[in-house]
Amino acid sequence: MAYWLFKTEPDTFSIDDLKALGSQGAFWEGVRNYQARNFLRDQVKLADLVFIYHSSCKVPAIVGIAKVIQQAQPDPFQFDIQSDYFDAKSTKENPRWYGVTLEYVKHLRPITLSAIKANLEITELALKKAGRLSIMPVSEREWHVLCPN
DNA sequence: GCCAACGTTGGC
DNA sequence: GCCAACGTTGGC
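For the first sequence, the tail end lands on 149 under the UniProt record's numbering, and the numbers increase by one without skipping.
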């Protein structure tokens with residue numbers, strides 16, 4: 001089992017929105033970055049655990065945990081000409097973009113970006129560098145540093 | 001709202 | 001295939 005961190009803008013889709021969907025979970029659509037896509041398509045597996053991180057908001061922070069309940073599927077919005085996520089270069093035979101489905105697990109007391117940056121135990125997490133990656137791996141060790149239970 | 005960092009696009 | 005221009009992300 002692997003660990004991940006997914007970013008979301010809470011004004012668009014927050015952990016509370018995820019919680020409200022209950023056991024049906026939420027399809028994580030709209031990832032349009034190749035590195036993030038590769039993680040989603042190739043490495044994110046059923047039952048992996050995911051930190052939900054709120055970005056572009058007052059206090060950027062890890063706010064809770066979700067789990068993967070369905071592995072990668074083509075993101076249907078890439079075929080929807082009405083959607084902001086439409087991609088004219090993607091075909092059904094060879095889709096470019098994928099998403100997974102997440103189910104809410106629990107809230108955490110927010111682990112703020114400033115606390116993560118200040119934590120000397122955290123050295124690998126891509127969030128620490130000024131990266132803009134929206135899906136990133138978290139090592140098992142660093143997961144447990146951030147979330148001791 | 002500003003702007004630095006970085007990914008993507010497109011001309012050559 | 002290089003790289004400048006451009007667009008987007010996301011912290012502050």
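Beta carbons: idealized from backbone N, C-alpha and C, even for Gly.
Distance from the Cα of K117 is smallest, within the candidate group G30, G25, R96, A61, for A61. Sequence-distant partners of D48 (beyond 5 residues in either direction) whose C-beta falls short of 8 Å from its own C-beta, in its chain, are M1, A2, Y3, W4, K67, V68. Within the same chain, and ignoring the five residues on either side of Y104 in sequence, the residues whose Cβ sits closer than 6 Å to its Cβ are L18, K19, A66. In the three-state scheme derived from DSSP, where H, G and I count as helix and E and B as strand, E93 is classed as coil. For Y34, the uninterrupted alpha helix (DSSP H) segment begins and ends at 34-38.
Burial of Q78 is indicated by the presence of at least 16 other C-beta atoms within 10 angstroms of its C-beta.
Ranking P74, T101, T8, L146 by CA distance to the CA of T91 puts P74 first.
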